[in-house]
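Position one of the sequence shown corresponds to residue 14 (my numbering), numbered consecutively onward.
Using N, Cα and C, we set each Cβ at its ideal position, and we do this for glycine too.
Note that the structure is a prediction, hence the values are computed from the model and not measured.
Here is the structure we will look at.
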Amino acid sequence: MAQGTLTVFNDFTVSLGEKKINLETDTIKLALTDDTVTPTVGAASPQWGAGSDEDYDGNEVSAAGGYTAGGFTLSGPELVLAGAVATFDDDDSDLSLAKDAANGFEDAYWGILYSDTATNKECIAFIDLDGPVSEKAGPVAINFNASGILTITRS
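Right under this line is the structure:
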């Protein structure tokens, strides 16, 4: 990642078990939020939308400039199994924005990875961007680990 650490929400495992999220067929997005709410690993039912104790979309950065409301869409998400480890990855999506001094956001602190397909838009993980990150000062780039976005290990 260009900045910060990716942390998987504890509730993500429940969302997988209850078939709320399908990492290969769902539209997976990464949206940027300000510092009004700080995501935590133990957040209760984290969602990108209303109806949850932890609703992150109300804290999304401005959609002016090059950033689109709802965030970046990951291209070609896939889940690959090797032994006891399943790795979630994508086709190296372009999660970058050019500098936009006139209209860009100035207050991104968190990246929220979520399923835009899931009924309640359940969240998967969050990235600490070590903000504030500014599109006005730009450019902004988020690069996932070349070995995959996250792994799930059977134990």
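Exercise. Which ranges would you report for the beta strand (DSSP E) in the region 70–153 if only whole runs of at least 3 residues count?
Worked result: 91–95, 98–102, 121–128, 136–146
Exercise. What residues in its chain sit with their C-beta under 8 Å from that of residue 21, if we drop five residues either side in the sequence?
Worked result: As a working mapping, residue 21 is identified with position 8 in the sequence shown. Excluding positions up to five away in sequence, the list reads 54, 137, 138, 163.
Problem set entry | C-alpha gap between residue 83 and residue 127, whole angstroms | In the sequence shown, residue 83 corresponds to position 70, counting from 1. In the sequence shown, residue 127 corresponds to position 114, counting from 1. About 10 Å.
Problem set entry | Nearest-angstrom Cα separation, counted from residue 62 out to residue 46 | Your numbering for residue 46 matches position 33 in the sequence shown. Your numbering for residue 62 matches position 49 in the sequence shown. Looking at the two C-alpha atoms, the distance is approximately 13 Å.
For this session: Measure the Cβ-Cβ separation of residue 149 and residue 114 and say whether it is below 7 Å.
Result: For this step, residue 149 is matched to residue 136 along the sequence shown. For this step, residue 114 is matched to residue 101 along the sequence shown. A contact, by the Cβ cut-off of 7 Å.
Exercise. Whole beta strand (DSSP E) runs in the region 28–74 with 3 or more residues, listed along the chain?
Worked result: 41–46
Exercise. How should residue 152 be labelled, buried or exposed, when 16 other C-beta atoms within 10 angstroms of its C-beta is the threshold for buried?
Worked result: Position 139 of the sequence shown holds residue 152. Looking at its Cβ environment, which holds fewer than 16 other Cβ atoms inside 10 Å, residue 152 is exposed.
Exercise. Roughly how many angstroms lie between the CA atoms of residue 160 and residue 24, to the nearest whole one?
Worked result: Against the sequence shown, residue 160 aligns to sequence position 147. Against the sequence shown, residue 24 aligns to sequence position 11. Between residue 160 and residue 24, the C-alpha separation is close to 23 Å.
For this session: State buried or exposed for residue 88, treating a residue as buried only when at least 16 other CB atoms are found within 10 Å of its CB.
Result: Reading the sequence shown from its first residue, position 75 is the one you call residue 88. Burial call: exposed.
Problem set entry | Spatial distance of residue 129 from residue 26 (CA atoms) | Within the sequence shown, numbered from 1, the residue matching residue 129 stands at position 116. Within the sequence shown, numbered from 1, the residue matching residue 26 stands at position 13. Approximately 17 Å between the Cα atoms of the pair.
Exercise. What three-state label does DSSP hand residue 166 in the structure shown?
Worked result: Numbered from its first residue, the sequence shown carries residue 166 at position 153. In this structure, residue 166 counts as strand in the three-state DSSP scheme.
Exercise. If you compare alpha carbons, which of 132, 71, 48, 117 is closest to residue 142?
Worked result: If you number the sequence shown from 1, residue 142 lands on position 129. Residue 48 is the option with its Cα nearest to residue 142.
Problem set entry | Same chain, Cβ closer than 6 Å to residue 72, five either side skipped, listed in chain order | Locating residue 72 in the sequence shown gives position 59, counting from the first residue. These residues qualify, in order along the chain: 46, 47, 49, 50.
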